[in-house]
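Everything below concerns the one structure shown next.
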Amino acid sequence: MKAHLMHRDRDFDLKAKLPRNADDLVQDLELDTLFRAMAGEDKFLFEVAKVAILASVGSDAPTILYRQEALKDCIENSGVIRDVYDTVMATIEGRRTRGGLLYLGSYPSGILNHSVELLEGQMEGLQNLRALADANLSRFHSEAFTTLFNTLKEELAGDFMKDVARHLQQMKFRDGILLSATLGDGNKAKSYILRNPSAEKRSWLQRLFGPKEEAYIFQLDPRDDAGARALSELRDRGLNIAANAVAQSAEHILSFLHMLRAELAFYIGCLNLRQRLVAKGEPIAFPVPVDAGERRHHFEGLYDVCLSLSMEKRVVGNDVDAVGKVLTIVTGANTGGKSTFLRSFGLAQLMMQCGMFAPAVSFSANLCDGVFTHYKREEDSSMTSGKFDEELSRMSRIADVLAGNSLVLFNESFAATNDREGSEIAKMIVDVLLKKGIKMVFVTHLYAFAHAYVDGKSDDLMFLRAEREPDGTRTFKLVEAEPLRTSFGQDLYQAVFQDGPRKNAAA
Numbered sequence: 001m002k003a004h005l006m007h008r009d010r011d012f013d014l015k016a017k018l019p020r021n022a023d024d025l026v027q028d029l030e031l032d033t034l035f036r037a038m039a040g041e042d043k044f045l046f047e048v049a050k051v052a053i054l055a056s057v058g059s060d061a062p063t064i065l066y067r068q069e070a071l072k073d074c075i076e077n078s079g080v081i082r083d084v085y086d087t088v089m090a091t092i093e094g095r096r097t098r099g100g101l102l103y104l105g106s107y108p109s110g111i112l113n114h115s116v117e118l119l120e121g122q123m124e125g126l127q128n129l130r131a132l133a134d135a136n137l138s139r140f141h142s143e144a145f146t147t148l149f150n151t152l153k154e155e156l157a158g159d160f161m162k163d164v165a166r167h168l169q170q171m172k173f174r175d176g177i178l179l180s181a182t183l184g185d186g187n188k189a190k191s192y193i194l195r196n197p198s199a200e201k202r203s204w205l206q207r208l209f210g211p212k213e214e215a216y217i218f219q220l221d222p223r224d225d226a227g228a229r230a231l232s233e234l235r236d237r238g239l240n241i242a243a244n245a246v247a248q249s250a251e252h253i254l255s256f257l258h259m260l261r262a263e264l265a266f267y268i269g270c271l272n273l274r275q276r277l278v279a280k281g282e283p284i285a286f287p288v289p290v291d292a293g294e295r296r297h298h299f300e301g302l303y304d305v306c307l308s309l310s311m312e313k314r315v316v317g318n319d320v321d322a323v324g325k326v327l328t329i330v331t332g333a334n335t336g337g338k339s340t341f342l343r344s345f346g347l348a349q350l351m352m353q354c355g356m357f358a359p360a361v362s363f364s365a366n367l368c369d370g371v372f373t374h375y376k377r378e379e380d381s382s383m384t385s386g387k388f389d390e391e392l393s394r395m396s397r398i399a400d401v402l403a404g405n406s407l408v409l410f411n412e413s414f415a416a417t418n419d420r421e422g423s424e425i426a427k428m429i430v431d432v433l434l435k436k437g438i439k440m441v442f443v444t445h446l447y448a449f450a451h452a453y454v455d456g457k458s459d460d461l462m463f464l465r466a467e468r469e470p471d472g473t474r475t476f477k478l479v480e481a482e483p484l485r486t487s488f489g490q491d492l493y494q495a496v497f498q499d500g501p502r503k504n505a506a507a
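Put into structure tokens, the structure is as follows:
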């Protein structure tokens, strides 16, 4: 059996290779906050969330829509999905209470006994899964879950389960084993075959009134250790094939349960995240992905989901219509929400591409082959050169792996040097990427860089500016507007050196 809840035609790979820039994405977009919200204290859910989100960059639209439909089913039937997940977990955990790992390197009799015990527990768990599928199939509409539930119903039918239970009882060999062999060279036994004892048994009437069977019986002396070992070896030779077959069956079912657990874990994480956002009154929407060859970002009420998760109040959302735009330059007042907007942009893109909902009232974007971040870094002991050299080195590493349909998010890049030099370098890099058609969002205080694109503005460029009220109040909203010469640093000066002391004095 296959779960196929994440892909229509293949399993979810929990060991999938993450992008080379995965650590930068986690750091710059604060993805650990998102993973923790999905996982709670569960380390396994955390790992599934991390792999599903980071390794899904480059997913195609059919896969995204396939997962979206499955997630909608999960939202409509969250209690059922959690019951299914708990049943899978209980079945896997039950393996540990039945003696631990299979005795793959032990004697055939030990392998067989242990495997039969494991299979009995697994079949009980599968029976519970089938009962859930029977009771709830009509409530699910996605291809992923209707296929899974129908598979459970068909492959775990009542007659099949009864046959399995009967065979497992037989495999305990409470009445001893019956096997046959032929004589080989030197009168040594070979071609051991385990026989079905029930097929050889006679009814009590046949035993009472029928012809007597000839049999040769021998008994071991209680002190005959060598004979006991020989008899045990003879038994194990007969059980060897059956023991391996039963052990492989137990491992096959366990493999299915582990895969089902991993694929369900993604949706459980999504439900956990949604529960927290809805409790705050934050909107969520299922994104509309468009072809990677287009350049489209259109959204309403887009907010930084990680910021929302870390504070009690709701977060301000932004509306942008960037259809056909390759470069978006974001300028404006300090602490006006520019970096928060940039982070919300990247988070929503990653969430869309793994099949999740987006933190917005509505969201539509073109698919990307890769998502890259180039954020300013604070100088620390791990740096082997200056901040500016480190920025250039990171940009070089990004350039090595950039594909034509990538998204690059710049946050105050190349500001570690003076405005003129930083602006020149930023423009040279952006011009090259523009020629390649690589989509960019660039948050900057480099006026010379931003203004250079005002004079030659084209249809594929957009300018956004963080709003500032005349009295200096930040709305944390971005509006479509060209850059100003000032970023209102005096507001910060006033807040620190004038407003601050007055407030302290009043307190």
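Numbering (UniProt numbering), first residue to last: 1 to 507.
Don't be surprised by glycine CBs; every beta carbon is placed ideally from N, CA and C.
Computed from a predicted structure; not experimentally measured.
Leaving out five residues on either side along the sequence, give the residues of the same chain with a beta carbon under 6 Å from the beta carbon of residue i.
i	result
Ile-329	Phe-442, Ala-450, Phe-463
Ala-133	Phe-149, Leu-152, Lys-153
Asp-369	Gly-58, Ala-403, Asn-405, Ser-406
Leu-104	Because the pLDDT at Leu-104 is just 46, under 50, the model does not fix this residue reliably, and the value given afterwards should be weighed accordingly. Nothing listed; no residue qualifies.
Thr-475	Glu-467
Leu-101	Note that Leu-101 scores a pLDDT of 44, beneath 50, so its modelled location is shaky; the value from the coordinates is reported in the next line. Cβ within range, chain order: n/a, list empty.
Arg-8	Tyr-66
Val-305	Leu-347, Pro-359
Glu-421	none
Using beta-carbon positions only, say whether residue i and residue j come within less than 8 Å of one another.
i	j	result
Ala-144	Leu-5	yes
Ala-360	Pro-283	yes
Met-258	Ile-92	In the sequence on display, residue 258 carries His and not Met. Taking 8 Å as the Cβ cut-off, His-258 and Ile-92 qualify as a contacting pair.
Ser-364	Arg-296	yes
Arg-465	Thr-331	yes
Tyr-375	Cys-74	no
Gly-355	Arg-67	yes
residue 508	Asp-24	With the chain covering only 1 through 507, there is no way to say anything about residue 508.
Val-315	Ser-308	yes
Leu-367	Ala-52	no
Ala-39	Phe-46	yes
Ala-426	Ser-413	yes
Val-320	Gly-346	no
Gly-21	Asn-77	Checking the displayed sequence, the identity of residue 21 turns out to be Asn instead of Gly. Not in contact: Asn-21 and Asn-77 (Cβ atoms no closer than 8 Å).
Can you name, in chain order, every residue of its own chain whose Cβ lies under 7 Å from the Cβ of residue i, other than the five neighbours on each side?
i	result
Ala-262	Phe-12, Leu-14, Val-48
Phe-44	Ala-265
Ala-70	Leu-5, Ser-142, Ala-144, Phe-145, Tyr-267
Thr-147	His-4
Asp-459	Gly-324
Lys-280	Ser-308, Arg-314
Can you name, in chain order, every residue of its own chain whose Cβ lies under 8 Å from the Cβ of residue i, other than the five neighbours on each side?
i	result
Ala-358	Ile-284, Ala-285, Phe-286, Pro-287, Phe-299, Leu-302, Ala-348, Met-351, Met-352
Arg-229	none
Leu-156	Leu-126, Gln-127, Leu-129, Arg-130
Thr-444	Ile-329, Val-330, Thr-331, Phe-410, Glu-412, Ser-413, Ala-415, Ala-426, Ala-450
Lys-436	Leu-402, Gly-404
Just to check my reading of the structure: residue i and residue j have Cβ atoms closer than 8 Å, yes? What is that Cβ distance to the nearest angstrom?
i	j	result
Asp-419	Tyr-453	Not really, about 15 Å apart at Cβ, beyond 8 Å.
Met-395	Ile-429	7 Å
Asn-318	Leu-478	5 Å
residue 582	Leu-260	An answer regarding residue 582 cannot be provided, because it is not within the stretch 1 to 507 covered by the chain.
Thr-33	Ser-344	Incorrect: roughly 13 Å between the Cβ atoms, too far for contact.
Val-408	Leu-433	7 Å
Ser-249	Leu-119	6 Å
Met-1	Phe-410	The pair is not a contact, with the Cβ atoms about 47 Å apart (cut-off 8 Å).
Cβ contact check for the segment 318–332 and the segment 24–36: 3 or more pairs under 8 Å
no
Is there contact between the segment 264–271 and the segment 74–88, where contact requires at least three CB pairs shorter than 8 Å?
yes
Which runs of the alpha helix (DSSP H) fall wholly inside the segment 295–332 and span at least 4 residues, in chain order?
305–309
Runs of beta strand (DSSP E) wholly within the segment 425–491 (minimum 3 residues, chain order)
439–443, 461–468, 474–480
What ranges does the alpha helix (DSSP H) occupy inside the segment 16–50, keeping only unbroken runs of at least 4 residues that lie completely in it?
22–28, 31–39
What runs of the beta strand (DSSP E), each 3 residues or longer, lie entirely inside the segment 362–420?
362–366, 370–375, 406–411
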